[in-house]
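Notes for the one structure printed next.
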Amino acid sequence: MNAANLGGQLGSLGNFNAITSIELNNNNIGGSIPEDLPVTLQSLFLSANQITGSIPSSLSKLENLSAMSVNGNHLSGGLPDTFDSLNRLVNLDISSNNLTGVLPSSMKSLASLTSLHMQDNQLSGTLNVLHAIYHYLLIYIT
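For the sequence shown, the numbering used here gives the first residue as 16, with consecutive numbering after it.
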């Protein structure tokens, strides 16, 4: 339901165990990303909304996740160190938020990652954690 002018907040989604994709880009959804996302999720698209809070550490349960785009929101805080189990993640877009801190060491486990957008945040430090996967990866930073 992209660009459907939807508002409100995302509620508890953990019991929807057949959902493989959430596509709600370009709406007016507020609140935070739920802690209990369906473990069957393969793609999560929440770009260009009004989402606040942090990226939940419960992402580690989404072992089938291949694409996640949460750019253009109001996410803040550091990235959770929970990427170890996300070895199917191919595309990650966290750009244009208010994220801070350094890249967590668990990002070195993202062996399938080919596209990482993280520009327009307040991230600091080095890209050393991506050293093992850098030759496969297109990184967008500014």
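In this text, a Cβ means the ideal position worked out from N, Cα and C, and glycines have one as well. Predicted model only: the values in this text are computed from it and were never measured.
Check	Outcome
Closest residue to serine 58 among Ser47, Glu50, Gly68, Glu78 (Cα-Cα distance)	Glu78
Proximity to glycine 46 [Cα-Cα], best of Val54, Phe31, Gly22, His146	Gly22
Sequence-distant residues of the same chain with beta carbon closer than 8 Å to threonine 129, five excluded per side	Val105, Asn106, Tyr151, Leu152, Leu153
Reference asparagine 42; option with closest CA among Leu94, Lys123, Gly87	Gly87
Cutoff 8 Å; reference serine 81; Cβ partners in own chain excluding five residues on either side	Gln57, Ser58, Arg103, Leu104, Val105, Asn106, Ser127
DSSP-derived helix/strand/coil call for glutamate 82	Looking at the sequence provided, one finds alanine at residue 82 rather than glutamate. It is a strand residue.
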